[in-house]
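First comes the structure, then the notes that go with it.
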Amino acid sequence: MRIENRQRLVVGNWKLNGNLAENAALLGACANAEVRVARTLGVCSPYPYLSQLQSVLANTPVQYGSQDVSRFPKGAYTGEVSAGMVAEFGCQLAIVGHSERRALFGDSDEVVGEKFLRAQQVGLTPVLCVGETLSEREAGMTEVVVARQVGAVIKIAGVAALAGAVVAYEPVWAIGTGKTASPVQAQEVHAFLRTYVAKHAVEISSKLPILYGGSVKKANAAELFGQPDIDGGLIGGASLVADEFLGIWQAL
Ligand code: PEP
Numbered sequence: 020m021r022i023e024n025r026q027r028l029v030v031g032n033w034k035l036n037g038n039l040a041e042n043a044a045l046l047g048a049c050a051n052a053e054v055r056v057a058r059t060l061g062v063c064s065p066y067p068y069l070s071q072l073q074s075v076l077a078n079t080p081v082q083y084g085s086q087d088v089s090r091f092p093k094g095a096y097t098g099e100v101s102a103g104m105v106a107e108f109g110c111q112l113a114i115v116g117h118s119e120r121r122a123l124f125g126d127s128d129e130v131v132g133e134k135f136l137r138a139q140q141v142g143l144t145p146v147l148c149v150g151e152t153l154s155e156r157e158a159g160m161t162e163v164v165v166a167r168q169v170g171a172v173i174k175i176a177g178v179a180a181l182a183g184a185v186v187a188y189e190p191v192w193a194i195g196t197g198k199t200a201s202p203v204q205a206q207e208v209h210a211f212l213r214t215y216v217a218k219h220a221v222e223i224s225s226k227l228p229i230l231y232g233g234s235v236k237k238a239n240a241a242e243l244f245g246q247p248d249i250d251g252g253l254i255g256g257a258s259l260v261a262d263e264f265l266g267i268w269q270a271l
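Numbering-wise (the working numbering), the sequence shown opens with residue 20 and increments by one.
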């Protein structure tokens, strides 16, 4: 059964996409979207555009933020961007542990835990991504993998930290591939994640928003979001097209 007081949200992850002109059109459409209480819309852009997000979205209900943060707060770490710097732009959100960061840039479970902590320390809501690869799913390891990924964050930040966080289940085989997990497949893992967190803290688990990510489109969003433990979506490709993105949000 769905818990109605859980936050429901759709968050866009632009990845390495965007330019000032295209962003302006997309953000304008988001800013003008009809306000819906208890259905949050969020946008996570590359760092250089945070100031543009702030100027368009700051006085709207749309939340915004970054796709990553450094595990370090400051210092001699060339190329890094700290959570504190992100927060200075009025951001609310920071994605951590996206599978592309884990696979392409070496973010281990421990590094993701440190990034989660850094984001939360400055008042950002971490959107913690977890998910298995195709070979892990085929080997029957899905639950082991997502439990390990969430468990690492609990070990580093403490289970209480999940009270102010969002988890996104993103099966790696469904990201950017056009292959969506079926609503039943997704629900199974979402329910597992909720039960796993409940073993540490029942109250936190029942209020924890768990988003699904992986080739969500306007056409499949409503069925996914209708599952009892799916509280919204983390949207990659489709978040770059205003009509698709807002259509997904309206399916919440
Ligand atoms: C993502 O990158 O978080 C994602 C879910 O991508 P896509 O929607 O393109 O599969």
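Quick reminder that beta carbons are idealized off the backbone N, C-alpha and C, glycines included. Please read all numbers here as calculations on a predicted model, not as lab measurements.
Its chain contains LEU69, GLY84, SER85, VAL88, ALA113, LEU143 as the residues whose beta carbon lies nearer than 7 angstroms to that of VAL105, once the 5 sequence neighbours on both sides are disregarded; these appear in chain order. Beta-bridge partners of ASN32 (DSSP): CYS63. Residue burial annotation: ARG27 is buried, with at least 16 other C-beta atoms found within 10 angstroms of its C-beta.
GLY232 is positioned such that its CB atom lies closer than 8 angstroms to that of ALA187. A residue is called buried once 16 or more other Cβ atoms fall within 10 Å of its Cβ, and PRO228 is buried on that count. VAL191 and VAL30 have their C-alpha atoms spaced approximately 17 angstroms apart.
Shortest gap from the CB of ASN32 to any heavy atom of ligand 1: under 7 angstroms.
Taking every protein chain shown into account, the CB of ALA102 has 16 or more other CB atoms within 10 angstroms, so this residue is buried. Distance from the Cα of LYS34 is smallest, within the candidate group SER118, VAL216, ALA238, GLN71, for SER118. Below 8 angstroms, too few C-beta pairs join the segment 202–219 and the segment 259–267 to call them touching: fewer than three. Around the CB of ASN24, fewer than 16 other CB atoms lie within 10 Å, so the residue is classed as exposed. Assignment of ILE249 by DSSP, reduced to helix, strand and coil, places it in the coil class.
Listed in chain order, the alpha helix (DSSP H) elements of length 4 or more contained wholly in the segment 86–151 are 102–106, 118–123, 128–140.
In this model, LEU45 and LEU259 are separated by some 7 angstroms (Cα to Cα). DSSP, reduced to helix, strand and coil, places GLY159 outside both helices and strands of the structure shown, so it counts as coil.
Short of 8 angstroms from the beta carbon of ALA270, and not among the five residues preceding or following it, lie these beta carbons of its own chain, in chain order: LYS237, ALA240, ALA241, PHE244. Cβ atoms of PRO65 and ARG137 stay farther apart than 8 angstroms, at about 18 angstroms. PRO145 counts as buried, since no fewer than 16 other beta carbons sit within 10 angstroms of its beta carbon.
The continuous alpha helix (DSSP H) containing GLY266 extends over residues 261–269. About 5 angstroms separates the beta carbons of LEU181 and ILE223, which is inside the 8 angstroms limit, making them a contact pair. Between the beta-carbon of ASP248 and that of ALA220 there is about 16 angstroms, and that puts the pair past the 8 angstroms contact cut. Closest in C-alpha terms to LYS226, from the list ARG120, GLU189, VAL185, comes VAL185. By DSSP's assignment, ARG58 forms a beta bridge with ARG27.
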